[in-house]
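Residue numbers (the numbering used here): 3 to 204.
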């Protein structure tokens with residue numbers, strides 16, 4: 003067992019780092035504790051349909067993320083983190099198992115119900131920049147608010163973001179510039195005490 007594995011074996015990890023939350027727990031713990039990290043190309047993989055589990059997946063991943071940050075909050079006081087990506091070609095597999103129009107519309111209905119707002123609010127969901135702002139606001143609230151509170155607050159906006167993407171982007175490739183996204187979040191989050199750079203460009 004590697005040094006990283008041995009330490010994790012003794013680590014009292016949060017209950018949200020199980021199921022869908024395990025990957026973000028492992029990655030974020032490695033970054034926060036300055037373990038050596040490397041991106042591995044797992045090549046193309048076709049997953050089983052999981053659209054109906056979208057809320058469950060988001061809740062487990064986001065709670066694992068916030069719990070891991072909270073448990074390691076002392077490590078966040080560094081000026082900069084860097085994760086260098088390997089320069090290999092990304093491959094994406096087009097799925098034939100796309101959500102139906104009805105399933106997509108239900109995302110907005112569910113989000114508006116959670117927000118308790120009128121039906122004509124957020125007619126097109128929310129754009130990426132609005133979602134980045136919501137993420138940045140949540141990061142600012144650590145560790146004053148629980149992971150459950152932060153995740154519950156983010157869920158409807160996540161559903162609105164997914165709705166916007168599926169409804170108006172015509173199922174374009176999921177590839178995007180991580181550096182640009184991170185810079186947007188940093189711009190929203192930035193203050194004089196902290197400025198995190200979690201990703202470098204490819």
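All C-beta atoms in this analysis are idealised placements derived from N, C-alpha and C, irrespective of residue type, glycine included.
Please read all numbers here as calculations on a predicted model, not as lab measurements.
Helix, strand or coil, according to DSSP, for residue i in the structure here?
{"i": "residue 129", "result": "coil"}
{"i": "residue 122", "result": "coil"}
{"i": "residue 53", "result": "helix"}
{"i": "residue 38", "result": "coil"}
{"i": "residue 85", "result": "Any reading at residue 85 needs caution, since the residue's pLDDT is 46, under 50, leaving its predicted position unreliable; the model's value is listed next. Coil."}
{"i": "residue 149", "result": "helix"}
{"i": "residue 158", "result": "helix"}
{"i": "residue 102", "result": "coil"}
{"i": "residue 20", "result": "coil"}
{"i": "residue 110", "result": "helix"}
{"i": "residue 91", "result": "With a pLDDT of only 49 at residue 91, under the threshold of 50, the placement of this residue in the model should not be trusted; the figure read from the coordinates follows. Residue state, collapsed to three classes: coil."}
{"i": "residue 30", "result": "helix"}
{"i": "residue 5", "result": "Low confidence applies to residue 5: its pLDDT is 48, below 50, so where it sits in the model is not reliable enough to give any reading."}
{"i": "residue 171", "result": "coil"}
{"i": "residue 117", "result": "helix"}
{"i": "residue 144", "result": "coil"}
{"i": "residue 166", "result": "helix"}
{"i": "residue 74", "result": "coil"}
{"i": "residue 80", "result": "Only weak support is given to the placement of residue 80: the predicted model assigns it a pLDDT of 45, under 50, and the value that follows is read from those uncertain coordinates. In this structure, residue 80 counts as coil in the three-state DSSP scheme."}
Of the residues the options, which one's Cα is nearest the Cα of residue i?
{"i": "residue 142", "options": "34, 68, 29", "result": "68"}
{"i": "residue 21", "options": "32, 29, 62, 53", "result": "62"}
{"i": "residue 55", "options": "109, 171, 34, 27", "result": "109"}
{"i": "residue 73", "options": "162, 155, 154, 145", "result": "145"}
{"i": "residue 29", "options": "57, 65, 70", "result": "70"}
{"i": "residue 150", "options": "26, 65, 140", "result": "65"}
{"i": "residue 104", "options": "121, 165, 114", "result": "165"}
{"i": "residue 115", "options": "158, 126, 58", "result": "158"}
{"i": "residue 133", "options": "33, 120, 23, 160", "result": "160"}
{"i": "residue 154", "options": "112, 131, 167", "result": "112"}
{"i": "residue 171", "options": "118, 117, 126, 120", "result": "126"}
{"i": "residue 57", "options": "35, 37, 31, 23", "result": "23"}
{"i": "residue 168", "options": "140, 50, 130, 139", "result": "130"}
Contact check, residue i vs residue j under 8 angstroms by CB: the rounded distance?
{"i": "residue 60", "j": "residue 101", "result": "In fact, because the Cβ distance is near 15 angstroms, the residues do not count as touching under 8 angstroms."}
{"i": "residue 162", "j": "residue 106", "result": "With a Cβ gap of about 12 angstroms, residue 162 and residue 106 do not count as contacting."}
{"i": "residue 136", "j": "residue 156", "result": "6 angstroms"}
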